[in-house]
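Written out below as structure tokens is the structure these notes cover.
Numbering (my numbering), first residue to last: 23 to 408.
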């Protein structure tokens, strides 16, 4: 039996960061990745950037982004429900992350036009998440880190609060690994629809998971069953507005809809249900999945007119287009009278302002529930998109 100092379960950004760090310290390391080689990296394959504080402009970041502002953004996004010391650690160490990553071949680029206006706060990976993971795995190979793919961990030998061994299924056979230290970085359970159903009920059957199908929560369940302390709310998640025409798993970031702030969002009854312009899109896009999950059939529709063209990154799927709101409603399968009335009420509530899609502007509604706090423009210029 091979003896390893460190076994890392999970081969995404977190797992490889742990493996590379351990190897630099002289440890003998093995990485157990549940996915096949071509799909390695978990949801890190789909990521694009890293948020990091900086006191001055850098080669890829504009202006400044202080640690205080970063922390305030984090607290606002979580509504102050976060681990204070861990948040401070995250923010304080973030500035040094790009340099650390570059030693393993990761390359960065300035943000492109339309990337959620993150040029000041987020450093973008050249080539995206797949290039990030390829760089890490190439470094791991050069440094002598062993990697097993399609390695499904099916049991943990935990005694007296310590993991003594791991049982791994590799095809038709199983193996026992007994490392001195185990790092679990295997992701969450968002691809396990049965587990999601325990939390969300029947609604989970309609969820579209843009990330990896390999985040099934197996390790999380093993740890909980062994007595690990659960932390947080299991219903909380990074849930975004995903194009309903996307595949159920692994569609990636190109299936996200970024049009929501620049029009209205209605449910299958053609009713609005939330303030589309509540705050800057980078601070709000990750709440929309939860909002839509609470609507009938877990489905909603983003409605914009021609004035919004060019203000957001389009989905990989083309919009439904119509010359009138009523015809758009028919094409989308929405009640035409109700959508007409919803748009009319919205248009009457819009107050004049100066539209600025890159900042919080003064275009708002008045006397409308729910309100639209920013980027409120009348939907009156065909063609209309849904």
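C-beta: ideal position from N, C-alpha, C; glycine also.
Within 10 angstroms of its Cβ, does residue 291 collect 16 or more other Cβ (buried), or is it exposed?
exposed
Could you pull out every unbroken alpha helix (DSSP H) segment of at least 4 residues lying fully inside the stretch 235-262, listed in chain order?
240-247
For the stretch 88-173, list the beta strand (DSSP E) runs that are entirely contained and at least 3 residues long, ordered along the chain.
You should have 144-147 and 168-170.
Check residue 81 in the structure and name its three-state DSSP category.
coil
Between the stretch 61-78 and the stretch 147-167, can you find at least three pairs of beta-carbon atoms closer than 8 Å?
The answer is yes - the stretch 61-78 touches the stretch 147-167, with three or more Cβ pairs under 8 Å.
On a CA-only basis, which of 359, 40 and 89 is nearest residue 75? Give me that one, please.
89
For a quick check, are the C-beta atoms of residue 108 and residue 130 less than 8 Å apart?
no
With a threshold of 8 Å between beta-carbons, can residue 160 be considered close to chain B, or not?
Included in the structure is just one protein chain, with no chain B present.
Report back the beta-carbon spacing between residue 330 and residue 271 to the nearest angstrom; my notes put them in contact at under 8 Å.
Actually they are not in contact, since the Cβ atoms of residue 330 and residue 271 sit about 30 Å apart, beyond 8 Å.
Give the single residue among 145, 394, 195 and 248 whose Cα lies nearest to the Cα of residue 301.
394
For residue 282, does the three-state DSSP call read helix, strand or coil?
Of the three classes helix, strand and coil, the one that applies to residue 282 here is helix, per DSSP.
Going by C-alpha to C-alpha distance, which of 158, 384 and 183 sits closest to residue 251?
Of the candidates 158, 384 and 183, the one whose C-alpha sits nearest the C-alpha of residue 251 is 183.
Check the DSSP bridge columns for residue 227 and list the partner residues they point to.
Answer is none; residue 227 lacks a bridge partner.
Specify the secondary structure class of residue 189 as computed by DSSP and reduced to three states.
Strand, per DSSP.
Is the separation between the beta-carbon of residue 159 and that of residue 50 shorter than 8 Å?
no
Write down every uninterrupted run of the alpha helix (DSSP H) in the stretch 295-340 whose length is 4 residues or greater and which is fully enclosed by it, in chain order.
You should have 310-315.
Give me, in chain order, the residues of the same chain whose beta-carbon lies closer than 8 Å to that of residue 196; leave out the 5 immediate sequence neighbours on both sides.
The answer, listed in chain order, is 176, 189 and 190.
Based on DSSP bridge pairs, tell me the residues matched to residue 179.
187
Which same chain residues end up closer than 7 Å to residue 403 when comparing Cβ atoms and leaving out the 5 residues on each side of it in sequence?
327, 328 and 329
Which residue comes first and which comes last in the beta strand (DSSP E) that contains residue 196?
195-199
By the three-class DSSP mapping on this structure, what secondary structure does residue 406 have?
strand
In whole angstroms, what is the alpha-carbon distance linking residue 35 and residue 208?
Residue 35 and residue 208: Cα-Cα distance of roughly 10 Å.
Is the Cβ-Cβ distance between residue 367 and residue 390 less than 8 Å?
yes
Let's test the definition: count the other Cβ atoms within 10 Å of the Cβ of residue 220 and tell me whether it reaches 16, buried, or not, exposed.
exposed
Figure out for me which residue from 126, 340 and 27 has the closest Cα to the Cα of residue 265.
340
Going by the CB atoms, is the gap between residue 180 and residue 248 shorter than 8 Å?
yes
Buried or exposed: where does residue 238 fall if 16 or more other Cβ atoms within 10 Å of its Cβ makes it buried?
buried
Between which two residues does the alpha helix (DSSP H) holding residue 364 run?
Run containing residue 364: 358-371, per the alpha helix (DSSP H) assignment.
What is the DSSP secondary structure of residue 54, counted as helix, strand or coil?
Strand.
State the Cα-Cα distance for the pair residue 277 and residue 215, rounded to the nearest angstrom.
19 Å
Can you name the start and end residues of the beta strand (DSSP E) that residue 29 belongs to?
Its beta strand (DSSP E) spans residues 28-31.
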